[in-house]
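Trainee:
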Amino acid sequence: MTLQDYRIDIQRCSRCSLCKWLPLSQIKSWRFANACPSMVWGNFHAYSAGGRMIAALALLDGRIDYTDKLVEIVYQCQMDGACDVSCKVNRDMDPLEVMLELRAKCVEEGQVLPAHMVMIESLRSDDNVLGEPKAERGKWAEGLDVKDITKEKADVLYFAGCRYSFDQDLWKIARDAIALLKIAGVDVGIEGKEEACCGGRAFEIGYRGEFTKYAEHSIETWNTADVRTVVTPCSDCYGAFKFHYPRIGKEMNFEVLHITEYLDRLIKEGRLKPIKKVPLKVTYHDPCHLGRLSEPYIPWEGVEKKVLGQVIIKDPPREYRRGTSGIYEPPRDILRSIPGIELLEMERIKEYAWCCGAGGGVKEAYPEFALWTADERIEEAKATGAEALVTACPWCERSFRDALEQNGAKIKLYDIVELLLEAL
Amino acid sequence: MTLHRNVYQVLADIVGHENISDEPVILDTYAFQWLAETISGTKFCTRPEAVLLPGSVEEVQAIVKACNSNGIRYKAFSTGWGPWNTVGGEGVIQLDLRRMNRILEIDEKNMFAVVEPYVIGSQLQVEAMKKGLNCHLIGAGANTSILASATSMAGYGLSGIFMGYSNCNVLAVEWVLPDGEILKLGSLGSGAGWFGGDGPGPSLRGVMRGMIGALGGIGVFTKCGIKLYPWYGPPTTPMEGIHPLDGMPIPESYQAHSLTFPSWEALADAVYRIGEAEIGYVMGRALPPGLIPVISISSAADYTQMLQMVTIDEFKYAIQIILGANSARELEYQKRALEDILKETRGKIIPMMEEQSVKNILFRHLIKSEGISRVFQLAGTFATSLGAGTSWDAAVASGKLGEQLKRKYIERGAIADDGGDLAWGGAYQHCRFGHLEEIIMYDFQDPDSLKGAEEYIEESAQAAIDKSLGQPISIVRGMAEQFGPTSCDYHIWMKRIKKAFDPNIAADPSFYVEPAE
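Residue numbers (this note's numbering), protein chains in the order written: chain A, 23 to 446; chain B, 1004 to 1520.
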C-alpha cells in the first residue's frame, strides 16, 4: 500500500493523542507514562504518530511542501511502533505503516538525510550500513571453530548482522553466542564475509529498492543453500526477517529464530544447563524489533464496506498487528533459568517497552536524540533497583553503552548470552 | 496574515527558539482536528500564526502581555482534543501547554493534588492510587488534561456519582488573566495553599468557568488544585489479558454490574434511588446499549459479528455500576441496597455481563475511563448532541428525545444504526443532577453521512430549545448566543465578563463569546 492508499485512514485520526502515551490502563506512574520518544523530544504535536499522519495528509493535499522541518519531523523517530500499539487499542488504524510509507515517499522524491545517504552508500558498496569494508565482515569470528556455510552444510545458519559484524566492542557477545551453540552441540555455520545486510534498516529509512534487493538476496541465497534454520543474535535483523521480508512475497523455506528463542529451546531440551549461580538483580529491556516489531506482517487485500448504515468494516475482515505476539517470554525464561538471577521488571515492558533510541536511522542522523532516549530507559531500569540492565540486541547494547559512557550512570549492562554463558 | 517578524522575535525571546514555530507543517498539525469538517468542511481548521510551548507561568504571562501589546490574539490548550481547541480565525497564536506537565503535590491527608495543564487523567490517577486516593476522570477519557477539564470544559464522568464533576473538584487556581495579570483564586489568593476553591481568598469559580467552561476564551490556567477521593483498591492495578480486551481484576472492595430496566422511567427511578441510598462508586452509561458489544471486540468487523450473537435490545435501558466500599460490611450494604432497588424498579443484572472476564474489562473501562473512545472505531467519527447538565429526569428526557430524533437518520442510512439509544452520561453527586448526551456515529468522508449528521445536530439543538432541555454539551460557535435567551440571558453576563476581563480581546473568543458592545 502507498501513502495515498492510507489517506482515508489518516483522515480518521481524531487527534486524541493516545499515540503519545502507553495504553491508558498500562500507565503505572507519571514518570514513565510516555510511549513515544520522538514526541517527548520534539514536543510539538507534529512529532507524534498522529502529527506525522496529519503532515502526510497535508503533503498529499498540497497544503505543505517539503522543508527541512518536515524532513526532520519525518526522520526524527525511531519507528519503534509504540504509537502503533497504543493507537490500536481503540482504532482500526496503522500509524506505523503510514509513517513507513511517508518515509518511502520522501526518499522517492529526494527528501533524504545526508546521514542516511552515507548508510545507503555503504550498503551499496560494502553490504553494510556502518561504513565498514565488506572484506572485514567475518573478522568477528576469527579463531572460532565454526563452519563456513558457503563451503559446507550446517544445521543452523548463525546470521550475525551488521552491528555484531563490525562493532568490535560487541564481538565478544557474538562469539559467546557461538560458544553456547557449540556447547549445546548445535551444528552451526556462518557466512563470514559473504554475509550481507538484512536490509531492514534500509526499509525503515525509506529505501525500498535497497531493502528489496537485500531481502531477495537473503531469501534466494538461503533457499538455494537449503538452509533450514537461521538464528540471529540481532533483534533488528530478526524484526526485518519477520515483519518486513514477507512484504516482498517470496517464499522463505527456512525457519528464523532469534538467539534467545533458540537458547531457550536448548535449555528446555536439556542441551544447555545453567547451573552456576550468577547472583545479580537484573532488569530486561525488550528490544522493539524482538518485541512488537517482530510480529509477523499480515498481508491483507480487500475493501471497506458499510454495514448497519455507516459502520465501516474491512472485507474480508482484517487482522491487525497489536504487538502482542512479539518474543517476550523466551528471554525472560532464560533469565529465570539462571540460578541467582532476580528479574525485576520495568514499568514499560513487552509491547509497551520504551525504545533504546537506536532504531529508524536515528542513531546515525540524530545521535543526541538517540542518547537521550537511551538515558530515559536507563533511568527506568535504575528505578527497578536492578544492578544490571540486560538486553538481547546489539543496537540496544550500543545505544546503552554510549549513554552509560556519557552520563556515567551506575548500572551494569549485559547481553543475555553473556549471562547464560557465565552460568554454564 | 503572517506574524510580523518583530513580534515573532519577541515571542521567541520569551520561550526560546526551540519552543516556537511557524513552520507550515507544525501549524497544520494544530489546525487538524476531530470534527473540523463541521466547521471548515475539511479536516483542517484555521492555522494558528505560530505555536508556542511555554514552560512556566512566567512565560505564559509574558506571552499574554506581548499579545496585548502587539494586537494579536492567543489560544491556549492542554491536551487539545476537539475543534474548540483550534484558533478561531487569523491573527491568533496557539499556546500548547504540554511542557507544563508536572504533578506538583499530592496531599494525602487533605486529599487533593496540585497539577499543571499537561498532566493527564491516567497519570494523576495512578499516582493518587499509590496513596489510596483516586481522581474524577471525565468521560472523554483519561488521556485528557485534568486541569483543562477542571478549569475550562464541562467535565462530566461516570465516577461523578461519587466524585461530583470537574466544576466542583477544582480547588485553588493560578490564572493568567487575558491581560496578563496573574490572579490566584481560592485559598491560594490568601497565601493559604491549594486546598480551597472558594476561599479564604477570591472565589470566582462561576466567572472562571461556569457550567461549561470558557474553552480558552478567558485567559490561561497554569496550575490548579484538584480534589481527590478514596480509592479502596490496591496501590497498583496490573491488567490481565491482551489489549484491547484486557481486564482489570476487581479488588475485593469493589463489585461491577451491568443493569437493564424495562423502561426509561424505571431506569430514571432506579438511578434516583441509587442516589438517595448514596451507594455507587461509578455509575452511568459508560457503554450505552449500542456500545455494550464493544466490550468484547477488537475491531469494527468484530462489532457486526457480535451483533449476530446478541441484539442491542438485550441491553435496552442499560446502565453500569461499580460499588466500592471501605469495608466488607459496607460493600454488603451497598449490594443489598442495589438488590432492593432492582426489585422496586424491575431492573435486572444482565447475565451475560456477569462473566468474570467481561466484568474485568468493564471494570477497567469504568475505573480507567477508556471505553468511550471506541466510538471512533465503528464509523470513523462521532458527534454528540443534547446533554445539558440538568436534573436527572430532564437528562433522561434528553436521552429519550435523542433516540427518537435519530430514528429517521438511521432509517435513511445517514448515521450508524446503533439501535437508536446511544445516550451517554449519568447522574452525579448522588443524583443531585445528571446529563445524557446523545451520540451519533457517522462517516465524515461520506457526504450524505456528513450532511445527515449536521442536520441531526441542528435539529437536536433546536429541539433542546423547544423542549427547554438546556444548552447541549456539543461545542459549536455561537452556542451561548443561541441558548442564552432561553436561560436567563446568561450569555449577556458572559459577554460582560469577557469585556471586563479582556479589554483588548486578546484571548481568542471564538468558542466562548464576543465581548459586550
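Glycine residues also receive a C-beta, built at the ideal position from the N, C-alpha and C atoms.
Can you give the Cα-Cα distance for residue 1021 (chain B) and residue 1231 (chain B), rounded to whole angstroms?
Mentor: 36 Å
Trainee: List the residues of chain B whose Cβ lies closer than 8 Å to the Cβ of residue 66 (chain A), in chain order.
Mentor: The answer, in chain order, is 1024, 1029, 1032, 1054, 1056 and 1099.
Trainee: Are residue 322 (chain A) and residue 381 (chain A) closer than 8 Å when you measure CB to CB?
Mentor: no
Trainee: Can you tell me which of the three DSSP states residue 1431 (chain B) falls into?
Mentor: strand
Trainee: Could you tell me the distance, in whole angstroms, from the CA atom of residue 355 (chain A) to the CA atom of residue 286 (chain A)?
Mentor: 7 Å
Trainee: Identify whether residue 1165 (chain B) lies in helix, strand or coil by the three-state DSSP scheme.
Mentor: Here residue 1165 (chain B) sits in helix by DSSP.
Trainee: Specify the secondary structure class of residue 342 (chain A) as computed by DSSP and reduced to three states.
Mentor: coil
Trainee: Nearest-angstrom Cα distance between residue 365 (chain A) and residue 1327 (chain B)?
Mentor: If you take the alpha carbons of residue 365 (chain A) and residue 1327 (chain B), they lie about 34 Å apart.
Trainee: According to a CB-to-CB cut-off of less than 8 Å, which residues of the region 1445-1465 of chain B neighbour chain A?
Mentor: 1445, 1446, 1447, 1448, 1449 and 1452
Trainee: Skipping 5 residues on each side, what residues in its chain have a beta carbon closer than 7 Å to that of residue 1153 (chain B)?
Mentor: Within the same chain, residue 1153 (chain B) has close Cβ partners 1169, 1172, 1173, 1227 and 1229.
Trainee: From residue 1268 (chain B) to residue 1163 (chain B), what distance separates their C-alpha atoms?
Mentor: One C-alpha to the other measures close to 21 Å.
Trainee: Following the continuous beta strand (DSSP E) through residue 1097 (chain B), name the residue where it begins and the one where it ends.
Mentor: 1095-1099
Trainee: Work out the CA separation of residue 1261 (chain B) and residue 1427 (chain B) for me, nearest whole Å.
Mentor: Distance between the alpha carbons of residue 1427 (chain B) and residue 1261 (chain B): 14 Å.
Trainee: Under 8 Å by Cβ, that's how I've got residue 103 (chain A) and residue 345 (chain A) pegged, so tell me the actual separation to the nearest angstrom.
Mentor: 7 Å
Trainee: Name, in chain order, the residues that DSSP records as bridge partners for residue 1226 (chain B).
Mentor: B:1177
Trainee: Within its chain, find whatever has a CB closer than 8 Å to the CB of residue 1105 (chain B); leave out the 5 residues flanking it on each side and keep chain order.
Mentor: 1118, 1119 and 1122
Trainee: Does residue 1076 (chain B) pass the burial test, meaning 16 or more other C-beta atoms within 10 Å, or should it be called exposed?
Mentor: buried
Trainee: Going by DSSP in three states, residue 1061 (chain B) sits in which element: helix, strand or coil?
Mentor: helix
Trainee: Would residue 336 (chain A) and residue 348 (chain A) be called neighbours here (beta carbons separated by less than 8 Å)?
Mentor: no
Trainee: Who are the near neighbours of residue 194 (chain A) in its chain, counting only those whose CB is closer than 8 Å to its CB and skipping five residues on each side?
Mentor: 440
Trainee: Along the region 1374-1392 of chain B, where does the CB come closer than 8 Å to a CB of chain A? Name the residues.
Mentor: 1376, 1377, 1379, 1380, 1381, 1382, 1383 and 1384
Trainee: Are the C-beta atoms of residue 95 (chain A) and some chain B residue less than 8 Å apart?
Mentor: Yes - at least one Cβ of chain B is within 8 Å of the one on residue 95 (chain A).
Trainee: For a cutoff of 8 Å on Cβ pairs, would you count residue 330 (chain A) as touching chain B?
Mentor: yes
Trainee: Does chain B have any CB closer than 8 Å to the CB of residue 43 (chain A)?
Mentor: yes
Trainee: Can you pull the DSSP bridge partners for residue 254 (chain A)?
Mentor: A:280
Trainee: With burial defined as no fewer than 16 other Cβ atoms inside 10 Å of the residue's Cβ, what is the status of residue 1128 (chain B): buried or exposed?
Mentor: buried
Trainee: Contact between the region 174-182 of chain A and the region 211-219 of chain A: three or more CB pairs below 8 Å?
Mentor: yes
Trainee: In this structure, does DSSP put residue 434 (chain A) in helix, strand or coil?
Mentor: strand
Trainee: If you measure between the beta carbons of residue 307 (chain A) and residue 412 (chain A), is that distance less than 8 Å?
Mentor: yes
Trainee: Residue 111 (chain A) touches chain B at which residues, Cβ-Cβ below 7 Å?
Mentor: 1246 and 1247
Trainee: Select from the region 390-416 of chain A all residues with a C-beta closer than 8 Å to any C-beta belonging to chain B, and list them in chain order.
Mentor: none
Trainee: Taking only beta carbons into account, state which residues of the region 1354-1374 of chain B come closer than 7 Å to chain A, listed in chain order.
Mentor: 1367, 1371 and 1373
Trainee: If residue 1155 (chain B) and residue 1217 (chain B) are in contact, beta carbons under 8 Å, what's the gap, nearest whole angstrom?
Mentor: 6 Å
Trainee: Report the partner residues of residue 1441 (chain B) according to the DSSP bridge assignment.
Mentor: DSSP lists B:1388 and B:1426 as partners of residue 1441 (chain B).
Trainee: Give a yes or no on whether the minimum CB-CB distance between residue 1126 (chain B) and chain A is below 8 Å.
Mentor: Taking 8 Å as the threshold, the shortest C-beta distance from residue 1126 (chain B) to chain A falls below it.
Trainee: What span of residues does the alpha helix (DSSP H) with residue 359 (chain A) cover, start to end?
Mentor: Run containing residue 359 (chain A): 351-359, per the alpha helix (DSSP H) assignment.
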